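Numbering (full-length UniProt numbering), first residue to last: 1 to 141.
As structure tokens, this is what we get:
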């Protein structure tokens, strides 16, 4: 994302998504994804990423423990980077509707190092809003 006039970001933001990690295609597919990420840092410019500031893991707030697949994915990604970025490895916690976030305890018990936690209450995006009668609003006007 490039800076926009009047925007808060005054720098270019690169987001690298890794869809498919830990899916049904197995460990071999996961290794291919790790190799692709490694290539981003080793190819020649302009395709090379010469630096990064943070790594984010997306996880649901209600998860009381990490699945073996989640633990594997986290460890595989973290193995790409040295210990010097541990404070820049962050968790994006979704469906965080309250203060009780079981996943935080699960992440702490995992032994994986995370810098900051960011919570998002995106449950409203999946709410069933069909109970509203659209004609009831139009009758007000």
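Using N, Cα and C, we set each Cβ at its ideal position, and we do this for glycine too. Small disclaimer: the values here were computed from a predicted structure and weren't measured.
Quiz prompt | Under the three-state DSSP convention, the category residue 69 falls into | solution = Position 69 of the chain shown, counting from 1, holds the residue named residue 69. Helix.
Quiz item: Do you know how far the Cα of residue 52 is from the Cα of residue 39?
Solution: The count along the chain shown starts at 1 and reaches residue 39 at position 39. The count along the chain shown starts at 1 and reaches residue 52 at position 52. If I take the Cα positions, the gap works out to 14 angstroms.
Quiz item: Which word fits residue 21, buried or exposed, when buried means at least 16 other C-beta atoms lie within 10 angstroms of its C-beta?
Solution: In the chain shown, the residue the question calls residue 21 occupies position 21. When all chains shown are included, residue 21 counts as buried.
Practice problem: Using the Cα positions of residue 18 and residue 67, report the straight-line distance between them to the nearest angstrom. | Solution: Along the chain shown, read from residue 1 onward, the residue named residue 18 stands at position 18. Along the chain shown, read from residue 1 onward, the residue named residue 67 stands at position 67. Roughly 18 angstroms separates the two Cα atoms.
Exercise. Report yes if the C-beta distance between residue 96 and residue 128 is below 7 angstroms; otherwise report no.
Key: Numbered from 1 along the chain shown, position 96 holds the residue referred to as residue 96. Numbered from 1 along the chain shown, position 128 holds the residue referred to as residue 128. Contact: no.
Quiz item: Using a Cβ-Cβ cut-off of 7 angstroms (strictly less than) and excluding sequence neighbours within five positions of residue 2, which residues of its own chain qualify?
Solution: One-based indexing of the chain shown puts residue 2 at position 2. If we look at residue 2 and ignore the five residues flanking it on each side, its Cβ neighbours are 12.
Quiz item: Buried or exposed: residue 16, going by 16 or more other Cβ atoms within 10 Å of its Cβ?
Solution: Walking along the chain shown from the start, residue 16 turns up at place 16. By the 10 Å Cβ count, residue 16 comes out exposed.
Quiz prompt | 6 angstroms CB neighbourhood of residue 56 in its chain, flanking five on each side removed | solution = The residue labelled residue 56 in the question sits at position 56 within the chain shown. Only 90 and 92 meet the Cβ criterion.
Quiz item: So, using beta-carbon positions, are residue 34 and residue 76 closer together than 7 angstroms?
Solution: The count along the chain shown starts at 1 and reaches residue 34 at position 34. The count along the chain shown starts at 1 and reaches residue 76 at position 76. Cβ distance < 7 angstroms, so residue 34 and residue 76 count as in contact.
Practice problem: For residue 95, name the three-state secondary structure that DSSP assigns. | Solution: Indexing the chain shown from 1 puts residue 95 at position 95. Coil at residue 95, not helix or strand.
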